[in-house]
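In what follows, a single structure is set out as structure tokens and then discussed.
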Amino acid sequence: MNRNELRKADINLMVVFEALMLERNVTRVAEKLFLGQPTISSALNRLRTLFNDPLFIRVGHRMEPTARAEEIIQHLSPALDSLSSALSLTHDFDPSISTMTFRIGLSDDVEFGLLPPLLRALRQEAPQVVFVVQHVDYWRIPDLLASGDITVGITQTRGLPANAKRKLLRHIRPRLLRADASDTPLTLDEYCSRPHVLVSHTANVSGFADEWLAEIGRKRHVVLSVPQYSALPALLAGTDLIASLPDYTAEAMAVSGHLFCEPFPFETPTLDLSMVWLSHVDTDPAERWVRSRLEAFMSDRGLATQA
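Just so you know, we're using the working numbering here: the sequence shown kicks off at 29 and counts up by one.
Right, here's the structure in full:
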């Protein structure tokens, strides 16, 4: 490998190139990198000269990459990941004095059920650190990680980028939530006959519980679909409505004493809650710290330690 070729390169140009590959839009890249559009356009012209290729062709409002650009990014992204990892080793992280901003992704159920105790602890441990939380689910998290909008996320996961790392935090145990207290849990027949509220970020009226019921030849009746869990306490109060949700969210809502949670009246498959991040932040001291705190307060193991 000819290291002298690196003398022609500018790391800032490579960062711009990677951002253009992700965003396909000069304006969005400028906003993301906190630079002016003329600066990004100038950087693109320099990249075209460096690689002797147009790199991007304007198609409507998008900048579509050429075949050469697609080939370059396959080599460049891992190199930038490695460089970021190497640079992260040059500094330590002290949460007690840090003023860093961490951008994390949490699914709605995690934000409601598991974030509050973590935040209370972090206010003591890292009083000047800023946390920006974005909503994630298994559809959005790959794009948000790839774009750098978040550096770590906690949700159920499916397809992930090749350079993603994943750590299982806990197995999700579905629970029922209702407003009418009873010493006797609902039977399967009662569960199917009662009206249900479904939390769906995609405005569906069918979810995991409907799939599980179909496997045993049963159905339920969903009368309301809402986009987030935080609405459930007010919606269930004073009604015969019931909702199905993760155990940690149901238990957090039941703390007030106005709602009651109980196990499902039938066996359900296991769902997993995982923490995911990209390899280029794996060794960064600050990111390692925030991942350790997320695991301590959001995993089964962490809860056992706190108890």
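Every residue, glycine too, gets a C-beta built ideally from N, C-alpha and C.
* Asked: For E92, does the count of other Cβ atoms within 10 angstroms reach 16, so buried, or fall short, so exposed?
  -> Indexing the sequence shown from 1 puts residue 92 at position 64. Exposed is the label assigned to E92, since fewer than 16 other Cβ atoms lie within 10 Å of its Cβ.
* Asked: Between which two residues does the alpha helix (DSSP H) containing G133 stretch?
  -> The count along the sequence shown starts at 1 and reaches residue 133 at position 105. For G133, there is no enclosing alpha helix (DSSP H); the enclosing beta strand (DSSP E) has its first and last residue at 129-134.
* May I have a chain-ordered list of the alpha helix (DSSP H) segments no shorter than 4 residues that lie completely inside the region 139-215? => Here the runs fully enclosed are 143-153, 169-175.
* **Among V138, L216, G133, the one whose alpha carbon lies nearest that of D177** => Residue 177 sits at position 149 when you count from the first residue of the sequence shown. When V138, L216, G133 are compared, the shortest CA-CA separation from D177 is found for G133.
* Check whether the region 186-197 touches the region 234-247, counting contact only when three or more Cβ pairs, one atom from each stretch, lie closer than 8 Å. => Under the 8 Å Cβ criterion, the region 186-197 does not count as touching the region 234-247, having fewer than three qualifying pairs.
* Under 8 Å between the Cβ atoms of A209 and F288? -> Position 181 of the sequence shown, counted from the start, is the residue given in the question as residue 209. Position 260 of the sequence shown, counted from the start, is the residue given in the question as residue 288. Closer than 8 Å, so yes.
* Taking all protein chains shown into account, decide if A47 is buried (16 or more other Cβ within 10 angstroms of its Cβ) or exposed. => Start at 1 with the first residue of the sequence shown, and residue 47 comes out as number 19. A47 comes out buried.
* Cβ separation of R24 and Q162, assumed to be a contact under 8 Å, to the nearest whole Å -> Residue 24 is absent from the model: the chain starts at 29 and stops at 335.
* **Whole beta strand (DSSP E) elements within the region 53-94, 3-residue minimum** => Correct list: 84-87, 90-93.
* **Backbone secondary structure at E295 - three-state DSSP** => As a working mapping, residue 295 is identified with position 267 in the sequence shown. Three-state result, E295: coil.
* Pick helix, strand or coil for H103, following the three-state DSSP scheme. => Taking the first residue of the sequence shown as 1, we reach residue 103 at position 75. Under the three-state reduction of DSSP, H103 is assigned to helix.
* Asked: Can you name the start and end residues of the beta strand (DSSP E) that P274 belongs to?
  -> In the sequence shown, residue 274 corresponds to position 246, counting from 1. Boundaries of the beta strand (DSSP E) harbouring P274: 270-274, taken from the DSSP string.
* So, is I125 buried or exposed, given that buried needs 16 or more other C-beta atoms within 10 angstroms? -> Counting from one through the sequence shown, the residue named residue 125 turns up at place 97. Taking all protein chains in view, the Cβ of I125 is surrounded by fewer than 16 other Cβ atoms within 10 Å, so the residue is classified as exposed.
* Asked: Since H308 contacts L108 with CB under 8 Å, what's their CB separation in whole angstroms?
  -> Here residue 308 refers to the residue found at position 280 when the sequence shown is read from its first residue. Here residue 108 refers to the residue found at position 80 when the sequence shown is read from its first residue. Beta-carbon to beta-carbon, H308 and L108 are separated by about 7 Å, close enough to satisfy the 8 Å threshold.
* Asked: In this structure, does DSSP put V44 in helix, strand or coil?
  -> As a first step, residue 44 is located in the sequence shown; it is residue number 16 there, counting from the start. V44: helix per DSSP, three-state reduction.
* **C-beta contact flag for D300 and H229 at 8 Å** => Position 272 of the sequence shown holds residue 300. Position 201 of the sequence shown holds residue 229. Cβ atoms of D300 and H229: not closer than 8 Å.
* Asked: Are the beta-carbon atoms belonging to P202 and S272 less than 8 Å from one another?
  -> Reading the sequence shown from its first residue, position 174 is the one you call residue 202. Reading the sequence shown from its first residue, position 244 is the one you call residue 272. For P202 and S272, yes; Cβs fall inside 8 Å.
* Asked: So what does DSSP say about S302, is it helix, strand or coil?
  -> Position 274 of the sequence shown holds residue 302. Here S302 sits in strand by DSSP.
* Opposing strand residues paired with L252 [DSSP bridges] -> Locating residue 252 in the sequence shown gives position 224, where the first residue counts as 1. Per DSSP, V225.
* Which residue or residues does DSSP assign as beta-bridge partners of F288? -> Position 260 of the sequence shown, counted from the first residue, corresponds to residue 288. Looking at the DSSP assignment, F288 forms a beta bridge with R206.
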